[in-house]
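Protein chains in written order, with the UniProt record's numbering: chain P, 1 to 471; chain G, 1 to 471. The structure under discussion appears below in the form of structure tokens.
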């Protein structure tokens with residue numbers, strides 16, 4: 001059964017499995033103790049730290065193990081901000097960081113700090129100049145991911161690090177998605193990562209603080225891990241994390257090339273075989289194993305369920321698959337379609353045949369969901385697309401208003417598509433909607449279908465989105 | 001090779017080992033995902049939560065998994081304090097809590113809060129009335145361990161909980177040492193525990209917050225574990241923790257009775273077979289598996305090394321075995337001897353023969369360390385005890401001053417013992433020392449040897465401790 005959600009959690013690498021088993025018997029004691037079991041644990045811990053530091057490209061005493069990538073990010077940002085409090089309380093991040101970074105930024109703002117979120121282009125990358133322009137005299141810290149977790153786009157980390165160095169601002173790089181593929185280039189100051197993203201076990205994150213970078217741990221003190229990560233070290237998991245990082249790195253170049261081709265094939269074939277689809281993210285400067293696309297007139301949850309039933313595990317940034325019913329902040333920042341969103345991230349070892357089978361199954365699955373939702377049939381004349389709007393539509397001369405209040409993604413867009421043929425070229429369709437995804441998906445639909453997005457207007461209930469028919 | 005430091009970390013229970021292995025293959029995916037691997041992970045997580053809650057005696061939705069017992073304590077205290085900030089910023093703890101509690105209290109004080117540390121009696125327990133007396137109108141939280149981690153003494157948690165309830169103050173119970181033996185009685189509000197103390201894996205703590213108890217998580221938000229424990233859940237470890245808790249509980253009654261007898265035997269035999277020894281902690285109201293004793297004229301580090309060489313792994317609260325060179329805060333609070341301190345905590349399954357062998361070896365080991373240090377020979381006439389003080393001793397009429405500045409534990413006490421016979425009954429010995437342990441160990445020596453401790457006086461360098469010979 002193909003599992004295509006490696007960006008969320010990768011199955012345990014065989015080396016991690018083996019190392020974990022071996023160290024369960026050898027590494028359960030407290031490495032701070034003087035007796036033989038403690039000394040044995042200390043030897044394992046030191047070796048794991050050296051191996052991880054070697055893979056990162058840092059000194060062992062610059063690296064501590066945390067209980068997760070999220071802990072590494074929370075601790076790293078809070079500690080770096082606190083240490084430079086006298087410089088100022090301004091934090092710069094990109095708009096497409098992992099939620100752990102954005103939550104840290106929100107906590108900083110709630111505590112009286114200020115935050116600048118640097119936007120990204122349509123492919124998901126920040127512009128170096130724009131990022132550098134956000135750095136100020138009172139900027140305490142800047143954060144940039146090495147590559148995006150939802151669309152795979154690589155960030156210009158080395159160039160941004162250079163700009164940060166010039167400005168005297170430390171840069172924290174969240175390398176969670178990329179560290180298994182290679183070290184992060186450039187003169188960054190702090191780095192975070194998560195073992196279960198590279199095939200290591202859950203329960204291990206890395207926090208690297210370069211020598212000379214100021215750092216002041218927050219919260220209750222603890223003597224372990226240089227005072228930067230409290231709690232008893234999860235040694236068997238740490239040993240497994242380090243061993244598997246070394247193992248995936250040994251295979252990284254060949255495996256990256258292989259998966260890169262598979263993803264290339266997905267990008268091309270999805271665009272060909274699925275109508276009304278948008279493949280997002282940078283096609284070249286990207287993670288080797290990850291691709292994201294969105295399908296008009298489809299809700300992500302139904303799509304995920306249908307793919308799951310067909311045997312494929314993928315994830316989605318659609319609003320209907322999130323507990324908050326808002327679409328992915330990454331897709332929003334990129335300004336791309338969020339409905340019917342699918343992220344495919346291939347674990348190491350994915351067979352080409354599995355990908356082929358996915359590509360065979362996908363068009364039918366999308367079509368099935370569209371049929372259930374009564375979505376417009378692609379290529380068919382627009383007027384014949386459906387049995388008329390299922391929600392209230394008021395037609396005036398050259399203007400139609402569709403009431404999609406209370407309807408969730410992708411219904412507002414489907415209704416828009418159904419009635420656009422009812423207005424003459426030059427006429428407008430106004431969609432009333434209160435679903436958060438509409439703000440993103442109606443403009444995206446206009447871009448994909450060559451219609452003009454006029455704008456939005458907040459109403460007493462919901463928002464009115466106005467679209468002009470131009471073709 | 002007998003390992004007698006279960007209170008620090010217990011070897012993995014076979015059930016934990018088995019559950020961990022099984023869930024490495026089944027439980028690596030994100031339990032928040034909708035596909036089959038995620039659903040499977042969710043089922044495992046829910047079952048583990050139910051099992052753990054059952055063992056604690058709480059509702060599953062009152063319990064979250066944290067990355068360690070330390071995280072549970074830090075998070076629990078910070079969250080409970082923040083939620084009652086309007087009531088006040090006063091925190092009550094006992095003086096003998098685990099360092100994770102005391103570090104949380106220190107962080108609270110550094111942040112402007114106030115802390116009352118309730119002292120303990122010579123056996124290590126708080127007095128209920130004294131604890132209750134520390135509760136104030138502005139007390140936001142009280143913390144009390146279920147049993148002490150260094151001396152094994154049980155605290156009157158149920159009675160204290162009742163007093164806290166009367167005062168309207170939530171009580172957090174650190175149950176790290178006792179949860180494997182049974183649930184915590186009484187109407188506590190919050191509870192913390194650590195899996196690797198009961199034979200579960202590292203990487204799992206429990207934080208229980210009773211319904212109706214106010215709680216406001218600090219730091220960056222995270223949607224997992226009710227927003228109370230950020231980061232990807234370490235599911236295999238969580239499953240193993242819950243399974244092993246259930247397993248050790250099934251064996252708890254019989255094993256507790258068995259270990260209780262072994263500890264009883266250690267308490268009796270050590271007192272008989274080792275001269276100048278103090279067995280500390282409550283002999284009856286105590287953890288079944290733990291006993292602590294201190295030996296005069298011995299340094300803990302040498303003792304630990306000698307026992308390690310003889311094949312026994314134990315820990316110590318002596319100053320020479322701590323990185324800060326201060327004796328255990330627990331022994332200090334109890335006012336008992338800290339030098340030559342040994343904590344024996346028996347893991348489940350410890351064979352009676354191992355304990356016997358330890359009891360056979362111990363007297364010779366202590367004697368060996370004493371001989372190396374030139375300590376007074378017990379029972380021998382005092383004047384013949386040594387070749388005279390190795391450090392400077394000035395003799396006046398009826399008064400001797402010993403200069404032990406720069407000498408570490410147990411040298412100041414050894415020098416005191418060597419010269420006490422040189423002064424007439426009624427005369428005094430003044431020991432100048434700058435080792436932190438002297439403040440605890442010189443009064444303790446007086447108590448053990450029936451001499452009078454007159455008092456201490458801070459000097460330009462070090463402290464002068466005055467002892468009067470009364471026998």
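In this text, a Cβ means the ideal position worked out from N, Cα and C, and glycines have one as well. Since the model is a prediction, treat every value here as computed from it, not as a measurement.
C-beta atoms of residue i and residue j nearer than 9 Å
i              : j              : result
residue 207(G) : residue 169(G) : no
residue 359(P) : residue 269(P) : yes
residue 78(G)  : residue 103(G) : no
residue 466(G) : residue 450(G) : no
residue 194(G) : residue 72(G)  : yes
residue 113(G) : residue 90(G)  : yes
residue 400(G) : residue 419(G) : yes
residue 18(P)  : residue 243(P) : yes
residue 187(G) : residue 444(G) : no
residue 52(P)  : residue 65(P)  : yes
residue 220(G) : residue 100(P) : yes
residue 414(P) : residue 464(P) : no
Residue-level contact to chain G via CB, residue i, 9 Å cutoff
i              : result
residue 484(P) : One cannot answer for residue 484(P) here, as it falls past the ends of chain P, which runs 1 to 471.
residue 196(P) : yes
residue 209(P) : no
residue 420(P) : no
residue 3(P)   : yes
residue 103(P) : yes
residue 385(P) : For residue 385(P), the predicted model reports a pLDDT of 40, less than 50, meaning its position is unreliable; a value from the coordinates is still stated below. Not one chain G Cβ lies under 9 Å of residue 385(P).
residue 78(P)  : yes
residue 237(P) : yes
residue 233(P) : yes
residue 156(P) : no
residue 403(P) : no
residue 428(P) : no
Chain-order list of residues whose beta-carbon lies under 8 Å from that of residue i (same chain, five-residue window excluded)
i              : result
residue 232(P) : 30, 224
residue 428(G) : 398, 399, 400, 454, 466, 467, 468, 469
Strand pairing of residue i, partner residues [DSSP]
i              : result
residue 3(P)   : 313(P)
residue 143(P) : 93(P), 172(P)
residue 344(P) : 291(P)
residue 453(P) : 467(P)
residue 278(P) : 294(P)
residue 115(G) : 91(G)
Neighbour flag for residue i against chain P, beta carbons, 9 Å
i              : result
residue 11(G)  : yes
residue 299(G) : no
residue 476(G) : No answer is possible for residue 476(G): it lies beyond the span of chain G, which begins at 1 and ends at 471.
residue 35(G)  : yes
residue 223(G) : yes
residue 218(G) : yes
residue 71(G)  : yes
residue 381(G) : At residue 381(G) the pLDDT is 38, less than 50, meaning the model places this residue with poor confidence and gives no usable figure here.
residue 106(G) : yes
Close Cβ partners of residue i (< 6 Å) along its chain, the five nearest in sequence each way excluded
i              : result
residue 196(P) : 9, 202
residue 381(G) : Reliability of the predicted coordinates at residue 381(G) is poor, the pLDDT of 38 falling under 50, and no value is obtained from them.
residue 363(P) : 273, 274
residue 452(P) : 468, 470
residue 271(G) : 279
residue 205(G) : 66, 68, 69, 71, 72, 194
Integer Cβ distance of residue i from residue j, believed to fall under 8 Å
i              : j              : result
residue 303(P) : residue 365(P) : 7 Å
residue 49(G)  : residue 63(G)  : 6 Å
residue 316(P) : residue 326(P) : With a Cβ gap of about 13 Å, residue 316(P) and residue 326(P) do not count as contacting.
residue 437(P) : residue 345(P) : Not confirmed; about 22 Å, so no contact.
residue 287(G) : residue 152(G) : 4 Å
residue 312(P) : residue 2(P)   : 6 Å
Own chain residues within Cβ distance below 7 Å of residue i, not counting five before or after
i              : result
residue 370(G) : 297, 298
residue 44(G)  : 23, 26, 27, 235, 239
residue 458(P) : none
residue 171(P) : 142, 144, 160, 161, 164, 188, 189
#### Entry: Interface residues of the segment 333-354 of chain G facing chain B [CB-CB below 8 Å]
Absent from the structure: chain B. Protein chains present are P and G.
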